[in-house]
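Enquirer: Before we start, here is the structure in question, set down as structure tokens.
There are 2 protein chains.
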Amino acid sequence: MQQQDPVKRLMEQLSQLPGIGERTSLRLVLHMLSSARESMYTLAQTLTEVADRVKECMTCAMLTTEENGCSICSSLSRDRTILCVVASIQDLMAIETTAEFRGVYHVLHGTLAPMDGIGPQDLRIPSLLTRLSNKAEAVREIILATPPTVEGEATALYLAEQMKGFGIPISRIASGVPVGGDLQYADRLTLSRSMQLRRGF
Amino acid sequence: MQQQDPVKRLMEQLSQLPGIGERTSLRLVLHMLSSARESMYTLAQTLTEVADRVKECMTCAMLTTEENGCSICSSLSRDRTILCVVASIQDLMAIETTAEFRGVYHVLHGTLAPMDGIGPQDLRIPSLLTRLSNKAEAVREIILATPPTVEGEATALYLAEQMKGFGIPISRIASGVPVGGDLQYADRLTLSRSMQLRRGF
Chain A
7 MQQQDPVKRL
17 MEQLSQLPGI
27 GERTSLRLVL
37 HMLSSARESM
47 YTLAQTLTEV
57 ADRVKECMTC
67 AMLTTEENGC
77 SICSSLSRDR
87 TILCVVASIQ
97 DLMAIETTAE
107 FRGVYHVLHG
117 TLAPMDGIGP
127 QDLRIPSLLT
137 RLSNKAEAVR
147 EIILATPPTV
157 EGEATALYLA
167 EQMKGFGIPI
177 SRIASGVPVG
187 GDLQYADRLT
197 LSRSMQLRRG
207 F
Chain B
7 MQQQDPVKRL
17 MEQLSQLPGI
27 GERTSLRLVL
37 HMLSSARESM
47 YTLAQTLTEV
57 ADRVKECMTC
67 AMLTTEENGC
77 SICSSLSRDR
87 TILCVVASIQ
97 DLMAIETTAE
107 FRGVYHVLHG
117 TLAPMDGIGP
127 QDLRIPSLLT
137 RLSNKAEAVR
147 EIILATPPTV
157 EGEATALYLA
167 EQMKGFGIPI
177 SRIASGVPVG
187 GDLQYADRLT
197 LSRSMQLRRG
207 F
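Residue numbers (the working numbering), protein chains in the order written: chain A, 7 to 207; chain B, 7 to 207.
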């Protein structure tokens with residue numbers, strides 16, 4: 007099984023990663039070989055460290071190296087009564103860059119996609135419901151920030167249904183023409199949504 | 007210096023690679039973390055092995071793990087009397103995929119670029135000239151396969167000049183409209199080159 011040539015093996019392993027084809031992996035390997043070897047050893051070390059230490063936060067399913075919850079969940083400056091549900095870590099990080107939201111998160115690690123066989127049990131939905139039923143947490147508002155796609159909307163609807171019993175106010179992030187965007191270039195669905203969801207001035 | 011969070015460190019190190027930005031490196035790390043950890047350890051291992059074992063062939067400057075020359079230089083089925091000079095390992099591999107050329111190579115690892123401070127000493131030109139002056143090698147034909155770009159042509163011209171004294175026939179790869187290509191879409195330079203270099207029918 008094991009190919010003799012380590013360069014070919016490295017190229018094959020890199021090609022397994024998303025967006026990296028055969029040509030790109032060759033370019034990456036040649037670049038690494040033409041730079042200082044030190045950086046290859048460092049990369050190998052960091053990879054091992056990440057594989058060893060990084061796991062999901064037991065509360066919100068964000069990535070962390072801490073045993074007692076991630077930096078957001080264990081931060082004293084975050085408001086634990088507002089919970090924002092996101093589909094992915096990328097989405098969480100995007101919201102964090104706004105520096106507007108001071109609550110805590112729950113990462114689903116995907117959206118419902120029954121056609122692809124992804125049901126509630128495949129996401130972090132059970133742990134979300136357990137978290138909400140835990141009285142000690144005392145969440146007072148839930149923001150559903152799954153993406154405004156078919157799957158994201160379906161996931162938000164499903165969650166809203168499941169969480170009705172908790173009697174906690176639930177909201178959905180706004181969707182419409184992006185700020186600074188041009189109406190004539192907005193797609194029809196976005197534009198009609200933005201008309202439907204118009205606010206009083 | 008060392009950042010606490012290994013995920014951030016891994017992202018930073020991946021972003022150093024060509025064509026990988028912040029967003030891509032995040033996607034790569036998240037993909038690796040959501041796959042089997044085993045593959046991260048394997049990748050780290052292969053990286054270390056490549057960094058440990060891969061070096062330049064002492065004859066042709068191709069990458070190899072062998073002490074006594076690369077697989078092409080040490081192959082008994084290759085014709086050592088025909089030498090093809092290429093700018094990069096990618097170019098060598100491209101020629102190898104044609105399976106037409108049965109000679110040996112010399113990899114320059116770049117092209118001359120005086121404006122960027124890349125002179126003959128920065129490429130594998132000294133080792134090429136030493137190789138040719140070595141009578142034991144007895145090269146009978148040299149093919150200059152540097153790319154048909156400004157730098158590639160300049161490098162070929164420079165090499166031809168330097169190698170004149172050896173009395174070995176020197177040729178340059180053909181450049182013109184690509185096979186299967188459309189004349190109307192060929193750029194002007196390529197088209198006029200292909201007219202100038204026309205052959206008797």
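Glycine residues also receive a C-beta, built at the ideal position from the N, C-alpha and C atoms.
With 7 Å as the threshold, decide whether the Cβ of residue 202 (chain B) is near any Cβ in chain A.
Expert: No, residue 202 (chain B) lies away from the interface with chain A (no Cβ there is under 7 Å from its Cβ).
Enquirer: Within 7 Å (strictly less), CB to CB, does residue 43 (chain A) reach chain B?
Expert: Yes - at least one Cβ of chain B is within 7 Å of the one on residue 43 (chain A).
Enquirer: Measuring only the C-alpha atoms, how far is residue 27 (chain B) from residue 32 (chain A)?
Expert: Rounded to the nearest angstrom, the two C-alpha atoms are 18 Å apart.
Enquirer: Residues of chain A with CB under 8 Å from residue 127 (chain B), in chain order?
Expert: Going along chain A, no residue has its Cβ under 8 Å from residue 127 (chain B), so there is no contact; the nearest lies around 17 Å.
Enquirer: Where are the alpha helix (DSSP H) runs, 4 residues long or more, that stay fully inside the segment 102-169 of chain B, in chain order?
Expert: Those alpha helix (DSSP H) runs which fall completely within the segment 102-169 of chain B and span 4+ residues are 131-139 and 156-169.
Enquirer: Does the segment 145-152 of chain A touch the segment 79-92 of chain A, meaning 3 or more C-beta pairs lie closer than 8 Å?
Expert: Counting Cβ pairs under 8 Å, three or more are found: they touch.
Enquirer: Mapping DSSP to helix, strand and coil, what is residue 71 (chain A)?
Expert: DSSP places residue 71 (chain A) in coil when its eight states are reduced to three.
Enquirer: Out of A:173, A:123, A:160 and A:155, which has the shortest C-alpha to C-alpha gap to residue 139 (chain A)?
Expert: Considering only alpha carbons, the answer is A:173.
Enquirer: Taking only beta-carbon positions, decide if residue 23 (chain A) is within less than 7 Å of chain B.
Expert: Yes, because at least one Cβ of chain B sits closer than 7 Å to the Cβ of residue 23 (chain A).
Enquirer: Indicate whether residue 113 (chain A) and residue 68 (chain A) have their beta-carbon atoms separated by less than 7 Å.
Expert: Yes, they are a contact pair.
Enquirer: Put residue 11 (chain A) into one of helix, strand or coil per three-state DSSP.
Expert: In the structure shown, residue 11 (chain A) sits in coil (DSSP, three-state: anything other than H, G, I, E or B).
Enquirer: So what's residue 33 (chain B) in DSSP terms, helix, strand or just coil?
Expert: Three-state DSSP puts residue 33 (chain B) in a helix.
Enquirer: Cα separation between residue 71 (chain B) and residue 60 (chain B)?
Expert: So the two alpha carbons sit approximately 5 Å from each other.
Enquirer: Which residues in the same chain as residue 108 (chain A) place their Cβ atom closer than 8 Å to its Cβ, once the five residues preceding and following it in sequence are excluded?
Expert: Taken in chain order, the residues that qualify are 83, 84, 85 and 88.
Enquirer: Taking DSSP as the reference, what is the three-state secondary structure of residue 87 (chain A)?
Expert: The answer is strand: DSSP assigns residue 87 (chain A) an E or B state.
Enquirer: At which residues does the beta strand (DSSP E) containing residue 194 (chain A) begin and terminate?
Expert: No beta strand (DSSP E) holds residue 194 (chain A); the alpha helix (DSSP H) holding it covers 194-202.
Enquirer: Please report the straight-line C-alpha distance between residue 7 (chain B) and residue 15 (chain B), rounded to a whole angstrom.
Expert: For residue 7 (chain B), the predicted model reports a pLDDT of 46, less than 50, meaning its position is unreliable; a value from the coordinates is still stated below. Computed Cα separation, rounded: 11 Å.
Enquirer: Residues of the segment 49-80 of chain B with a CB closer than 8 Å to any CB of chain A: list them in chain order, please.
Expert: Taking 8 Å as the Cβ-Cβ cut-off against chain A, the residues of the segment 49-80 of chain B that qualify are 49, 50, 51, 52, 53, 54, 55, 56, 57, 59, 60, 69 and 71.
Enquirer: From the DSSP secondary-structure annotation, give me the bridge partner or partners of residue 59 (chain B).
Expert: Residue 59 (chain B) is not bridged to any residue.
Enquirer: Going by beta carbon distance, what residues of the same chain come within less than 6 Å of residue 166 (chain A), once the five residues before and after it are set aside?
Expert: Counting only Cβ-Cβ distances below 6 Å, and skipping sequence neighbours, we find 176.
Enquirer: Report back the beta-carbon spacing between residue 54 (chain B) and residue 50 (chain A) to the nearest angstrom; my notes put them in contact at under 8 Å.
Expert: So it is a contact: roughly 5 Å between Cβ atoms.
Enquirer: Would you list the residues sitting across from residue 26 (chain B) in a DSSP beta bridge?
Expert: Partner(s): none; residue 26 (chain B) has no beta bridge.
Enquirer: Do the CB positions of residue 57 (chain B) and residue 43 (chain A) come within less than 7 Å of each other?
Expert: Yes, the Cβ-Cβ distance between residue 57 (chain B) and residue 43 (chain A) is below 7 Å.
Enquirer: Reducing DSSP to helix, strand and coil, say where residue 189 (chain A) ends up.
Expert: Three-state result, residue 189 (chain A): helix.
Enquirer: According to the neighbour-count rule (16 or more other Cβ atoms, all chains shown, within 10 Å of its Cβ), is residue 185 (chain A) buried or exposed?
Expert: Classification for residue 185 (chain A): exposed.
Enquirer: For residue 80 (chain B), which of helix, strand or coil comes out of DSSP?
Expert: Three-state DSSP puts residue 80 (chain B) in coil, outside helix and strand.
Enquirer: Could you give the C-beta distance for residue 91 (chain B) and residue 149 (chain B), rounded to a whole number, given that I count them as a contact under 8 Å?
Expert: With 8 Å as the limit, residue 91 (chain B) and residue 149 (chain B) qualify as a contact, their Cβ atoms being about 7 Å apart.
Enquirer: Is there a Cβ from chain B that is less than 7 Å from the Cβ of residue 13 (chain A)?
Expert: Answer yes: the Cβ-Cβ gap between residue 13 (chain A) and chain B drops below 7 Å somewhere.
Enquirer: Taking only beta-carbon atoms, is residue 101 (chain B) less than 7 Å away from chain A?
Expert: By this cut-off, residue 101 (chain B) is not an interface position.
Enquirer: When the cut-off is 7 Å and only beta carbons count, does residue 7 (chain A) lie next to chain B?
Expert: Note that residue 7 (chain A) scores a pLDDT of 46, beneath 50, so its modelled location is shaky and nothing firm can be said.
Enquirer: Between B:119, B:98 and B:120, which lies nearest to residue 111 (chain B) when the distance is taken from Cα to Cα?
Expert: Here the closest residue by C-alpha is B:98.
Enquirer: I need the boundaries of the beta strand (DSSP E) containing residue 205 (chain A), first residue and last residue.
Expert: Unbroken run through residue 205 (chain A): none, as it is neither H nor E.
Enquirer: Measuring only the C-alpha atoms, how far is residue 209 (chain A) from residue 189 (chain A)?
Expert: A query on residue 209 (chain A) cannot be resolved here, the shown segment of chain A reaching from 7 to 207 and no further.
Enquirer: Within 7 Å (strictly less), CB to CB, does residue 16 (chain B) reach chain A?
Expert: For residue 16 (chain B), the answer is yes, since a Cβ of chain A falls inside 7 Å of its Cβ.
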